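For reference, the structure is listed below as structure tokens.
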Amino acid sequence: MEEGDRKERGPSGGGAGLTTLFLINQKLKLMFKRQLIRLKFKPLEAVEAPAGEMTVVLGSGWPGVLVHEAIGHGLEGDFNRKKTSAFSGLMGEKVASSICTVIDDGTIKDARGSLNVDDEGEPTERTVLIEDGKLCNYMQDQLNARLMNTKSTGNGRRESFFDSNYSRMTNTFMFGEIISMKKL
Numbered sequence: 590m591e592e593g594d595r596k597e598r599g600p601s602g603g604g605a606g607l608t609t610l611f612l613i614n615q616k617l618k619l620m621f622k623r624q625l626i627r628l629k630f631k632p633l634e635a636v637e638a639p640a641g642e643m644t645v646v647l648g649s650g651w652p653g654v655l656v657h658e659a660i661g662h663g664l665e666g667d668f669n670r671k672k673t674s675a676f677s678g679l680m681g682e683k684v685a686s687s688i689c690t691v692i693d694d695g696t697i698k699d700a701r702g703s704l705n706v707d708d709e710g711e712p713t714e715r716t717v718l719i720e721d722g723k724l725c726n727y728m729q730d731q732l733n734a735r736l737m738n739t740k741s742t743g744n745g746r747r748e749s750f751f752d753s754n755y756s757r758m759t760n761t762f763m764f765g766e767i768i769s770m771k772k773l
């Protein structure tokens, strides 16, 4: 897309371990159609987002992308073992509001990130990462779990059989507290 001297582009798609019947579901088609329309027009209107530390209020649904990117990747074992995550060395420490609990769960039936076993053959599981604001676990593959003296959480993933495993999310989400607009 172009407008004046500004050019934008963006992909759209999805993947999951689902049946063919699910893939032809009209709701899924409509979701991708809406996403394509949004990607076509919105980037040209975008302004730079504010940066820095700030309080945020999240609703349900798409704010999960923020949880995935800003929190989830930082809780993957390999980044913490290498000390490249903002969460490195903070196990047991308060890292979020006391109303915040973050979970990674690869066992949710028919969810996009769910698997029976990860790419190392480990059963996926429900892993509490942050509970009541305190960091209590990282997502682990076998190698990083062994090097960090802990157990695999069924989060070993690889791009292909040529590639090494690394710790990656399945279905990562956050619980919080339902607060009225008046209280906010």
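If you use our numbering, the sequence shown corresponds to residues 590 to 773, in order.
By construction, the Cβ of each residue, glycine as well, lies at the ideal position given by its N, Cα and C atoms.
Since the model is a prediction, treat every value here as computed from it, not as a measurement.
From the options, residue whose alpha carbon lies closest to that of residue i
i: Ala635; options: Glu642, Gly641, Arg627; result: Arg627
i: Val646; options: Leu619, Lys618, His662, Ala685; result: Ala685
i: Met758; options: Thr739, Ala659, Lys672; result: Ala659
i: Thr690; options: Glu592, Gly722, Ser756, Leu617; result: Gly722
i: Glu711; options: Ser687, Ser756, Val717; result: Ser756
i: Arg701; options: Ala638, Glu637, Phe762; result: Phe762
i: Lys671; options: Leu732, Gly648, Glu592, Phe750; result: Leu732
Residues sharing a beta bridge with residue i, DSSP
i: Ser756; result: Gly745
i: Phe762; result: Ile692
i: Glu665; result: Met728
i: Arg715; result: Asp694
i: Val706; result: Pro712
i: Glu720; result: Lys723
i: Glu592; result: Arg595
i: Lys683; result: Lys723
Nearest-angstrom Cα separation, counted from residue j out to residue i
i: Gly765; j: Leu664; result: 18 Å
i: Asp694; j: Asp667; result: 18 Å
i: Pro652; j: Lys683; result: 22 Å
i: Ala734; j: Val656; result: 23 Å
i: Met643; j: Met728; result: 26 Å
i: Asn738; j: Lys596; result: 48 Å
i: Val717; j: Asn726; result: 7 Å
i: Asn669; j: Phe676; result: 7 Å
i: Ser687; j: Gly661; result: 18 Å
i: Ala638; j: Val654; result: 16 Å
i: Lys622; j: Asn614; result: 13 Å
Anticipated Cβ contact below 8 Å, residue i with residue j, distance rounded
i: Ile697; j: Asn760; result: 5 Å
i: Met680; j: Leu724; result: 6 Å
Closer than 6 Å: residue i CB and nearest the ligand COA heavy atom
i: Val706; result: Questions concerning the ligand COA fall outside what the structure shown contains, since it holds no ligand whatsoever.
(request) Count the C-beta pairs between the segment 742 to 762 and the segment 707 to 723 that are closer than 8 Å, then say yes if the count reaches three, no if not. (result) Contact between the segment 742 to 762 and the segment 707 to 723 is present, because at least three Cβ pairs lie under 8 Å.
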